[in-house]
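Just so it is clear: in the sequence shown, position 4 is 4 by full-length UniProt numbering, and no numbers are missing.
Glycine is no exception: its CB is placed at the ideal position from the N, C-alpha and C atoms.
Because the structure is a prediction, the values reported are computed rather than measured.
First comes the structure, then the notes that go with it.
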Amino acid sequence: LNVYSFLMGSISVSGWNQIIIIAPLIIGAIVAARFLAFRLNALSLGEEGAAYLGIDVERDKIIVLALGSLL
1 LNVYSFLMGS ISVSGWNQII IIAPLIIGAI VAARFLAFRL NALSLGEEGA AYLGIDVERD
61 KIIVLALGSL L
């Protein structure tokens, strides 16, 4: 039941120790996403448009997927 509540978004069963452990990962992912804002905007043009702007599309798709998983 505790894992199910946590997966549904509730942190009421989590203590501060668990929140302190995960907070740096979440903050790091938010900062990294902020630094990738230009690349994310370029990817919104589509793969061809982003490649035309000099974005490594395949690498950035992997990075965005990893950051999304952390968040």
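Between L7 and A32, the C-beta gap is not smaller than 7 Å, which leaves the two residues out of contact. Of all alpha-carbon atoms in A23, D60, V3, the one lying nearest the alpha-carbon of N41 is that of D60. A direct Cα-Cα distance of roughly 25 Å separates L25 from S44.
Inclusion of L71 and A29 in the CB contact set at 7 Å is warranted, their separation being smaller than that value. Straight through space, the alpha carbons of S69 and N17 are spaced by roughly 22 Å.
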